[in-house]
Amino acid sequence: MPELPEVQTVVDGLVATVFGKTITSVQIKNSARIYPSQYRFRKLLIGARFVSFRRRGKNILIDLSNGHTLWVHLKMTGHFYYLPEKDLTGKHDHVVLGLENDSYNLRFNDYRRFGYLKIYPTSEIFSQKGLAQLGPEPLEMSANEFAQIYKTRRRMIKPALLDQSMIVGVGNIYADESLWMARLHPERMTDSISNAKLAELHGHIQTILNKAISNMGTSVDSFAGVNAKPGGYQKYLVAYGREGEPCQRCDKPIRRMKIGSRSAHFCSFCQRAR
DNA sequence: TGATGTGTTCTGCT
DNA sequence: AAGCAGAACACATC
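Counting from 1, position 1 in the first sequence corresponds to residue 2 in this note's numbering; the numbering is continuous, with no gaps.
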């Protein structure tokens, strides 16, 4: 489940492998979710050079030398792989890009096919639905701004953390981890949390995201970097996926329940509801 | 065979 | 207006 650290890991991997390279061939399967049409998509990519790579929330933005930007969302199971051309492409490689003077190619792989690749003029990219309404970046905002956003709304903190219009990049894993660190119950109402506690939560989010980035992300489902290697943060998880295991603070079992129609993992003893 | 989980958008309800 | 629930998307995994 790529969240901010996993997407950053992919962006870093792309910079390290294909930055500045020119696309010489494009293979698109009918299973690929792309925009615009296959014909125009191919035409916009062939001959273009990768100019820069950016992350915005969980979105990947790749600027091309022709004034267009390739926008990729990995959703749950999307991957970019940079592999030798001689390695056969698999069933779930939906788009394959050949590169100039390179015996490796770049594949977009997604076994659930929720992920997509879209191309728009660079000048119009941030007005696209899905990018236009995104909230601030948690690693670039102040604790005050963070507290303001949650203080002025009334909803459960866990679903609020997942809402990309409030802040970006946090998904199910890092929301559960951050709330455990801050000893906040996932159902706690945002407007009832003190400014000091919200600032503390923001600090935990930053610490956790940064540590996960240094560890190349968390691989619980299928996440892997551009080099096809898994991340390493899963060994630090204290709440997510630890249902039934003793809480590392109070030894009581970690609970799992549906909150806002997503599974939440937390300690009902040291993460207080009020 | 069928339920589950996953990020996001959309619809419809309160 | 704001918040929430449920559906939809697709499919490997259990």
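Glycine included, every Cβ here is placed at the ideal spot set by N, Cα and C.
Secondary structure of Y112 (DSSP, three-state): coil.
Counting only runs of at least 3 residues, the region 77 to 153 fully encloses the following beta strand (DSSP E) elements, listed from N- to C-terminal order: 79 to 85, 94 to 100, 105 to 111 and 117 to 122. Annotated three-state conformation of S166 is coil, per DSSP. Around the beta carbon of D222, a 10 Å sphere encloses fewer than 16 other beta carbons of the protein chains shown; the residue is thus reported as exposed. As a beta-bridge residue in DSSP terms, D64 pairs with S53 and T70. If you look at A265, you'll find it in the beta strand (DSSP E) that goes R263 to F267. Relative to N216, the option among M2, G99 and E7 whose CA is nearest is E7. Under DSSP, Q207 shares a beta bridge with no residue. DSSP, read as helix, strand or coil, puts K259 in strand.
G116 places its beta carbon less than 8 Å from that of R34. The residues D64, in chain order, have a CB closer than 6 Å to that of S53 in the same chain once the five nearest residues on each side in sequence are set aside. Taking one beta carbon from each stretch, the region 70 to 78 and the region 117 to 137 have 3 or more pairs nearer than 8 Å; the two touch.
For L210 against Y175, the beta-carbon gap comes to about 6 Å, under 8 Å, which counts as contact.
Between the alpha carbons of R114 and Q165 lies a gap of roughly 21 Å. Secondary structure at R41: helix, using DSSP grouped into helix, strand and coil. The C-beta of M182 has 16 or more other C-beta atoms within 10 Å across all chains shown, which makes the residue buried.
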